Amino acid sequence: MKKFNTVKTFSNNSVIEERRFLFEVVGISQQGSNNLDYPIRQSGTSFITVPYSRMNQEMTRINRLGGKIVNITPIGINTPVQAQSLSSSSEKTTNNKPMTQAQEKKEKKEVKVPVNIYRPKNPFMGKCIENYELVAEGGSGTVRHLTFDLSDGDLHYLEGQSIGIIPPGEDEKGKPHKLRLYSIASTRHGDNLDDKTVSLCVRQLEYQNEEGETVQGVCSTYLCNLEEGADVAITGPVGKEMLLPDDEDATIVMLATGTGIAPFRAFLWRMFKERELNPDYQFKGLAWLVFGIPYTQNILYKEELEKMAEEYSDNFRLTYAISREQKTDDGGKMYVQSRVSEYADELFELIQKPNTHVYMCGLKGMEPPISETFTAEAEKRGMNWDEMRKQMKKEHRWHVEVY
Ligand SMILES: Cc1cc2nc3c(=O)[nH]c(=O)nc-3n(C[C@H](O)[C@H](O)[C@H](O)COP(=O)(O)OP(=O)(O)OC[C@H]3O[C@@H](n4cnc5c(N)ncnc54)[C@H](O)[C@@H]3O)c2cc1C
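Counting the sequence shown from 1 gives a position; my numbering is that position plus 22.
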């Protein structure tokens, strides 16, 4: 029996299986190509029809024969996808339906990414309107959900961005405290859906120094203890690394630990809870969240997540890695990387798709073991993770924000 807690699983694989793509390939030698069951044009360019389920194998085979894929076109669509730049903007052509005029118009409507509307020298003074605990009784540490009123200013943002908070007071050198960044946990519309708030998910930092004394982090402690009605100095927004692509058919794999859930809460609200507010974005792809926490009581936003997973079971898959409670098959602690290993076949299959994005967010320590796991699992499959990751990064499909 598997010892994990997966709420719902994705069940529309059959839809994906039916998709077919036209690969345009150059550089396959005549000798090598003789073994292939598709025509070679005089110009040396070959066109291969590939069902979705065989994309991976075909790519490997073409590679082995020394060929280079220059275009991938979803069959039935006129615009080819550039194989070398399958970024979020080009992903829009990867679904199987012809584009209507309305869709084309929609594609052109680009939202500008706002940055540094408020800078440290002239921060926006927001008001705290909500501050509540997210860790249930018996869990470890303190994590708070905070909401600030922005209605007196011009601060606006997109999902995946961060804001800066300047704690009041001075550091040990007598200088004003520097700002700390926090990932935004709400969508652009805010928790009240009126475009006038921003929310954060803040863990109070507490650690032992070399003398064995307990030290509390300056800004996180200030925020976690903030009274409703208090003024807060806010800067930003900043960050373009963690933006959500416009593609409604994308696959979004989210790997989170602890407060790393913040941007993904924003993504999931946008995908599933704000459909009526966003006629331009009706998500129908796959969102897969792998969420690492120490105890069940530390599952931040547990109810919201599980409700969405239940309601949108075809499009949202929720997998927990509860390190102090769940065990891997070989008896180890269950971390996010353990899940990566467990689902490696599926993940590698998904990653081959040009409109799959992988996001990682949380404490710095999560990145090395996850990278090692991807490397080892890729090796098992005769793949080179370093190359794959580099390529994904180039295509704006690999997103990391750790702190
Ligand atoms: C892009 C980005 C997004 C972020 N998003 C979030 C978020 O969504 N939620 C969130 O809670 N935080 C987030 N952070 C972290 C946040 O910015 C602060 O760093 C964090 O809240 C601690 O700040 P502080 O002022 O409380 O701690 P400080 O008083 O600044 O203390 C931090 C310092 O303490 C020391 N320290 C920390 N841990 C230890 C330890 N175990 N042992 C010894 N020394 C230690 C280090 O020198 C560290 O620099 C994010 C950071 C970045 C860069």
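A virtual CB, placed ideally from N, CA and C, is assigned to each residue, including glycine.
Quick caveat, the model's predicted, so the values are computed rather than measured.
> Cβ of G239 within 7 Å of any heavy atom in ligand 2?
Replying inline: In terms of ligand content, the structure shown lacks ligand 2 and carries ligand 1 instead.
> Using the rule of at least 16 other Cβ atoms within 10 Å of the residue's Cβ for burial, across every protein chain shown, is P145 buried or exposed?
Replying inline: For the purposes of this step, residue 145 is identified with residue 123 of the sequence shown, where counting begins at 1. Flag for P145 reads buried.
>> Is it buried or exposed, S208, if we count other Cβ atoms within 10 angstroms and call 16 or more buried?
In response: Position 186 of the sequence shown, counting from 1, holds the residue named residue 208. Counting Cβ neighbours within 10 Å, S208 comes out buried, since at least 16 surround it.
> Excluding five sequence neighbours on each side, which residues of the same chain lie with their C-beta closer than 6 Å to the C-beta of L372?
Replying inline: Residue mapping note: residue 372 aligns to position 350 of the sequence shown, counting from 1. Counting only Cβ-Cβ distances below 6 Å, and skipping sequence neighbours, we find T273 and T378.
> Do D171 and K149 have their CB atoms nearer than 8 Å?
Replying inline: Taking the sequence shown and counting its residues from 1, the one referred to as residue 171 is at position 149. Taking the sequence shown and counting its residues from 1, the one referred to as residue 149 is at position 127. Yes, Cβ-Cβ distance for D171 and K149 is below 8 Å.
> Nearest to T95 by alpha carbon, out of V137, R297, R42 and N138?
Replying inline: Numbered from 1 along the sequence shown, position 73 holds the residue referred to as residue 95. Closest option to T95, Cα to Cα, is R42.
> By a C-beta neighbour count over all protein chains shown, 10 Å radius and 16 as the cutoff for buried, is E132 buried or exposed?
Replying inline: Within the sequence shown, residue 132 is the residue found at index 110, counting from 1. Classification for E132: exposed.
> Taking 7 Å as the cut-off, is the CB of V312 close to at least one heavy atom of ligand 1?
Replying inline: Taking the sequence shown and counting its residues from 1, the one referred to as residue 312 is at position 290. Checking every heavy atom of ligand 1 against the Cβ of V312, none is found closer than 7 Å.
>> Between which residues of its own chain and R292 is the CB-CB distance below 6 Å, once the five residues before and five after are set aside?
In response: Position 270 of the sequence shown, counted from the first residue, corresponds to residue 292. Same-chain partners within the cutoff: E181 and T209.
> Quick one, are the C-beta atoms of L168 and E152 less than 8 Å apart?
Replying inline: For the purposes of this step, residue 168 is taken as residue 146 along the sequence shown, with counting starting at 1. For the purposes of this step, residue 152 is taken as residue 130 along the sequence shown, with counting starting at 1. Contact: yes.
> Hey, out of G384, V358 and S205, whose CA is closest to A288's CA?
Replying inline: Taking the sequence shown and counting its residues from 1, one reaches residue 288 at position 266. Ranking G384, V358 and S205 by Cα distance to A288 puts S205 first.
> Counting pairs of beta carbons, one from the region 324-334 and one from the region 346-359, are three or more of them closer than 8 Å?
Replying inline: no
>> Restricting to Cα atoms, I'd like to know which of K375, L385 and L203 is closest to M410.
In response: Within the sequence shown, the letter at position 388 stands for residue 410. The shortest Cα separation from M410 among K375, L385 and L203 belongs to K375.
> With burial defined as no fewer than 16 other Cβ atoms inside 10 Å of the residue's Cβ, what is the status of Q79: buried or exposed?
Replying inline: Walking along the sequence shown from the start, residue 79 turns up at place 57. Label assigned to Q79: exposed.
> Is the beta carbon of M290 less than 8 Å from the beta carbon of V312?
Replying inline: If you number the sequence shown from 1, residue 290 lands on position 268. If you number the sequence shown from 1, residue 312 lands on position 290. The question names Met, but residue 290 in the sequence shown is Leu. No, the pair does not count as a contact, with Cβ atoms beyond the cut-off.
> So is A158 buried or exposed if we call it buried at 16+ other beta carbons inside 10 Å?
Replying inline: Taking the sequence shown and counting its residues from 1, the one referred to as residue 158 is at position 136. Exposed, since its Cβ has fewer than 16 Cβ neighbours within 10 Å.
> Can you tell me where the beta strand (DSSP E) with I188 in it begins and where it stops?
Replying inline: Sequence index remark: in the sequence shown, residue 188 carries index 166 (1-based). Element bounds for I188: S184 to I188.
>> What would DSSP say about D408, mapped onto helix, strand or coil?
In response: As a position in the sequence shown, residue 408 is number 386, starting the count at 1. In this structure, D408 counts as helix in the three-state DSSP scheme.
>> On the criterion of 16 or more Cβ atoms from any shown chain inside 10 Å, does M264 qualify as buried, or is it exposed?
In response: Residue numbering aside, residue 264 sits at position 242 when the sequence shown is read from its first letter. Label assigned to M264: buried.
> Three-state secondary structure (DSSP) at N300?
Replying inline: Looking up residue 300 in the sequence shown gives position 278. DSSP places N300 in coil when its eight states are reduced to three.
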